[in-house]
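Notes follow the structure.
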Amino acid sequence: MGGGKGLGFDYHLVDLAVAVAVIFIGRLGLSMAANGLRWPAIVLGVAMIVAGASPMKLPSGFLHWFVALGGVLLVIRAIWPWANDAMGAAARTPSGVALGKAGSKWFGWLLLAAAVLMPFTPFADQKTMDLGVLILTYVMLGWGLNIVVGLAGLLDLGYVAFYAVGAYAYALLSTQYGLGFWTVLPLAGMMAALFGIMLGFPVLRLRGDYLAIVTLGFGEIIRLVLLNWFDLTNGPAGIGSIPGPTLFGAVFAETPPPGKQTVSEMLGIAFDGNHRLIFLYYIILGLALITNLFTQRMRRLPVGRAWEALREDETACQALGINPTNTKLTAFAIGAMFAGFAGSFFAAKQRFISPESFVFIESAIILAIVVLGGMGSQIGVVLAAVLLIGLPEWFRDLGSYRMLAFGLAMVLIMVFKPRGLISHREPSIRLHPGGGG
């Protein structure tokens with residue numbers, strides 16, 4: 001907020017006073033909305049928006065945003081129950097169900113088209129492309145964790161461990177043995193899957209909070225091993241000079257290394273540093289789409305239906321003859337495999353990794369993307385990744401206030417969509433597709 005003194009006032013105290021006043025007024029408006037006084041609450045919210053947008057010189061420019069934002073939230077809170085009831089009633093009709101299916105399908109295709117065409121848009125500068133690569137990386141990680149948490153119902157707080165295994169697998173195999181990105185990529189996924197099975201065996205009998213604690217400990221064990229095994233991982237100094245991915249053996253560089261050819265020479269075009277970033281963008285987009293298609297396919301197979309049965313009731317699942325041991329192990333292994341792919345890509349993009357890149361907060365962010373997007377929802381993961389990863393990055397110029405945008409996005413989702421952005425999901429398979437008895 002603003003600072004300094006003028007006309008005998010301390011601007012910090014004025015900021016605080018106005019903030020407290022807005023909170024009390026907002027609380028009054030929320031009480032009105034809760035008591036059915038929708039229109040007085042809306043009028044109060046609009047008045048706050050007008051006051052925040054007025055040209056009046058307040059001590060701090062942030063106060064304008066604070067007052068206007070309070071008004072917007074109050075109006076949304078007053079309108080939301082009525083709009084939610086109306087939309088819910090419309091969605092329950094046969095035409096509403098059909099429209100919702102068609103809308104979800106077209107929305108997915110629009111997201112895909114926007115992702116494919118994004119590098120060719122006028123606003124696709126280096127910052128935007130970097131942000132796109134970052135968001136797609138977390139989308140892929142979210143889809144991988146969605147198998148474990150959203151489909152199988154196994155709370156995993158150590159998912160970053162498999163991400164680290166994939167990254168270090170590529171870093172070590174490429175720098176010490178000279179293997180290329182496309183050769184190591186499947187190997188990194190298999191190594192991460194092996195670690196997923198290693199985690200799965202000790203937690204076969206655990207559920208709920210106990211499972212979360214053990215997976216959290218597994219993630220920390222992997223990080224501490226990477227931090228202290230100097231001979232293999234170089235400890236906290238990390239591993240540098242990691243080669244990037246190549247295009248048919250050609251490297252993305254201005255001058256070719258000995259025995260290599262650059263992409264610009266192979267294609268006969270002028271060198272541009274953005275070509276490597278665009279190539280990386282399409283690599284992670286392709287990996288994310290493979291993850292999505294694989295997950296959608298697995299959900300329709302018996303193993304996918306076993307995951308969902310395990311999520312709903314493990315005891316009933318076992319009584320029906322489903323082996324919970326194999327079901328859990330496949331969920332951990334496949335989810336870890338995609339984390340290994342993402343970790344391999346991360347190491348190739350950054351060209352330097354260290355244990356500090358794989359701390360617990362990364363697992364928490366990925367889990368937040370899955371939960372806030374909607375458990376088991378693929379499109380929900382995309383929307384949550386855009387909000388939770390893209391929003392703080394776009395507001396990075398605001399300094400410390402950018403985390404306010406991050407926290408505000410999470411609070412709004414929890415208040416207005418407690419079951420996630422996409423709370424409804426169609427069944428993976430219907431016994432009676434025609435709707436008959």
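Per full-length UniProt numbering, residue 1 is the first one in the sequence shown, and the count goes up by one each step. We treat Cβ as the ideally placed atom computed from N, Cα and C, and that holds for glycine.
Remark: C-beta atoms of Gly-376 and Ala-188 do not approach each other more closely than 8 Å. One thing to note: Gly-200 has its Cβ no nearer than 8 Å to the Cβ of Gly-158. Annotated as distal: Pro-355 and Leu-216, with beta-carbon spacing of 8 Å or more. With contact defined as three or more Cβ pairs closer than 8 Å, the segment 136–151 and the segment 330–342 are in contact. In the DSSP assignment, Gln-126 falls within the unbroken alpha helix (DSSP H) covering 126–146.
When DSSP reads this structure, Thr-291 sits in no beta bridge, so it has no partner. When only Cα atoms are considered, Arg-276 and Leu-320 end up about 52 Å apart.
Its Cα nearest to that of Pro-243, the residue Ala-167 stands out among Ala-316, Ala-167, Glu-393, Gly-380.
Thr-175 places its beta carbon less than 8 Å from that of Ile-239. Lys-328 counts as buried, since at least 16 other C-beta atoms from the protein chains shown sit within 10 angstroms of its C-beta.
Per DSSP, the unbroken alpha helix (DSSP H) holding Tyr-177 starts and ends at 160–177.
Taken atom to atom, the span from the alpha-carbon of Leu-301 to that of Leu-293 is near 13 Å. Remark: three or more beta-carbon pairs, one from each stretch, lie closer than 8 Å, so the segment 121–137 and the segment 371–391 are flagged as touching.
Boundaries of the alpha helix (DSSP H) around Gly-219: 208–228. Bridge partners of Val-251 according to DSSP: Thr-262. Partner residues in the beta bridge of Ile-239, as assigned by DSSP, are Ile-353. Judged by their CB atoms, Ala-339 and Leu-136 are not nearer to each other than the 8 Å cut-off. Arg-300 sits in coil when the DSSP states are folded into three classes, being neither helix nor strand.
Taken through DSSP and simplified to helix, strand or coil, Pro-202 comes out as helix. When secondary structure is reduced to three states using DSSP, Val-411 falls in the helix class. Between Thr-262 and Ala-253, the C-beta gap is smaller than 8 Å, which places the two residues in contact. Pairing Leu-145 with Val-359 gives a Cβ-Cβ distance that is not under 8 Å. Cβ neighbours of Phe-341 within its own chain (closer than 7 Å, five residues either side excluded): Gly-166, Leu-185, Ala-188, Gly-189, Leu-287. Distances from the alpha-carbon of Arg-207 to those of Ala-364, Ile-365, Thr-315 put Thr-315 closest.
Membership of Thr-315 in the alpha helix (DSSP H) is indicated by the continuous run 314–319. Sequence-distant partners of Val-160 (beyond 5 residues in either direction) whose C-beta falls short of 6 Å from its own C-beta, in its chain, are Gly-219, Phe-358, Glu-362, Ser-363. The three-state reading of DSSP puts Asn-274 in helix, counting H, G and I together. Here the alpha carbon of Ala-347 sits roughly 6 Å from the alpha carbon of Ile-353. For Gly-373, the enclosing alpha helix (DSSP H) stretches over residues 360–373. For Ile-322, the three-state secondary structure derived from DSSP is coil. In terms of Cβ geometry, Gly-142 and Ala-385 form a close pair [threshold 8 Å].
Taking 8 Å as the cut-off, the beta carbon of Ala-331 is found closer than this to the beta carbon of Leu-154.
Between Pro-119 and Ile-278, the gap from beta carbon to beta carbon is short of 8 Å.
Secondary structure of Asp-231 (DSSP, three-state): helix. The continuous alpha helix (DSSP H) containing Val-382 extends over residues 378–385.
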